[in-house]
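Engineer: Below you will find the structure I want to go over with you.
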Amino acid sequence: MYAVRQLLHLIVWVYLLVVFGRLILDWIRVFARDWRPKGVMLVVAETVYTLTDPPLRALRKVVPPLRIGGVALDLAFLLLVVVLYVLLAIL
């Protein structure tokens, strides 16, 4: 049972790293609009977006963006990170 718990802990930890990778990729896209990944980076970016899109889309349906003036703050990403940290604390 301990081994299963450790394996789940490792999976959640790696997924949390993938989510932070998405955060970095999103910020790169914000600051360098004409940046396009090529080669290995394209494969990494596609993998990161493929792994993180389904839970973020599901959370965005439940938690709409918070509108502050002309800016919309996406709370789904923050909620996903909080849920992952709670899972890590439980495991």
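Using our numbering, the first residue of the sequence shown is number 10, and each one after it goes up by one.
Positions of the beta carbon are idealized from the N, C-alpha and C atoms, including for glycine.
By the DSSP assignment, the alpha helix (DSSP H) with V80 in it spans what residues?
Structural biologist: Position 71 of the sequence shown, counting from 1, holds the residue named residue 80. From DSSP, V80 is part of no alpha helix (DSSP H) but of the beta strand (DSSP E) over V80 to L82.
Engineer: Could you give the C-beta distance for L100 and L25, rounded to a whole number, given that I count them as a contact under 8 Å?
Structural biologist: Position 91 of the sequence shown, counted from the start, is the residue given in the question as residue 100. Position 16 of the sequence shown, counted from the start, is the residue given in the question as residue 25. Going by Cβ atoms, the distance from L100 to L25 rounds to 12 Å, so no, they are not a contact pair.
Engineer: Just to check my reading of the structure: F34 and V57 have Cβ atoms closer than 8 Å, yes? What is that Cβ distance to the nearest angstrom?
Structural biologist: Translated into the one-based positions of the sequence shown, residue 34 becomes position 25. Translated into the one-based positions of the sequence shown, residue 57 becomes position 48. According to the sequence provided, residue 34 is Leu. The question's Phe does not apply to it. Right, the Cβ-Cβ distance comes to about 6 Å (below 8 Å), so this counts as a contact.
Engineer: With a 10 Å radius around its C-beta and 16 neighbouring C-beta atoms as the bar for buried, classify T61 as buried or exposed.
Structural biologist: Position 52 of the sequence shown holds residue 61. Looking at its Cβ environment, which holds 16 or more other Cβ atoms inside 10 Å, T61 is buried.
Engineer: So which of L19, V49 and A85 has the shortest CA-CA distance to Y63?
Structural biologist: Here residue 63 corresponds to residue number 54 of the sequence shown, with the count starting at 1. Tyr is not the amino acid found at residue 63; the sequence shown has Pro there. Among L19, V49 and A85, the Cα nearest to that of P63 is on A85.
Engineer: Return helix, strand or coil for L87, following the three-state DSSP convention.
Structural biologist: Walking along the sequence shown from the start, residue 87 turns up at place 78. In the structure shown, L87 sits in a helix (DSSP, three-state: H, G or I).
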